[in-house]
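Residue 57 in my numbering is what sits at position 70 of the sequence shown, and the numbering runs on without skipping anything. No residue lacks a Cβ here, since even glycine has one placed at the ideal position from N, Cα and C.
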Amino acid sequence: MKAKFIVMDTTDNCATALEDVEQGEEVDYNGKKFKINQPIPLGHKFALKDIKKDNQVKKYGQRIAIATENIKLGDWIHTHNISSYYLKEVLNQ
-12 MKAKFIVMDT TDNCATALED VEQGEEVDYN GKKFKINQPI PLGHKFALKD
38 IKKDNQVKKY GQRIAIATEN IKLGDWIHTH NISSYYLKEV LNQ
């Protein structure tokens, strides 16, 4: 079976799609099965657990963004619900 997503680090709370993942599709991460809530395009991220507003989004074991709204398990993570850590903290934008 071909992997549909990759998780870079065990502390990550998001996964990256290796191909388009359809809304309603069931995925399995570490024995936990859940459904995808929106279509996830190739290369985009989705939540591996609930992420509360103002909490960190982690990828590569590093903080990459801050949630601008509550994000549910299986939700698409993109510019509509996160603020880039790099833009906000590093570039002060």
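When the options are compared against residue i, the one with the closest alpha-carbon
i, options, result
"K59", "E9, A52 and N68", "N68"
"G61", "D15, Q43, K40 and I53", "D15"
"D7", "I27, K(-11) and K32", "I27"
"N0", "G30, R50, E13 and T55", "R50"
Delimiting residues of the beta strand (DSSP E) encompassing residue i
i, result
"A(-10)", "That residue, A(-10), is in no beta strand (DSSP E); it is neither H nor E in DSSP."
"V(-6)", "Where V(-6) is concerned, there is no enclosing beta strand (DSSP E), given that its DSSP letter is neither H nor E."
Which of helix, strand or coil DSSP assigns to residue i
i, result
"Y72", "helix"
"Q10", "coil"
"D62", "coil"
C-beta atoms of residue i and residue j nearer than 8 angstroms
i, j, result
"A52", "H31", "no"
"A2", "F21", "no"
Cβ-Cβ separation, residue j to residue i (assumed contact under 8 angstroms), whole Å
i, j, result
"T55", "K40", "7 angstroms"
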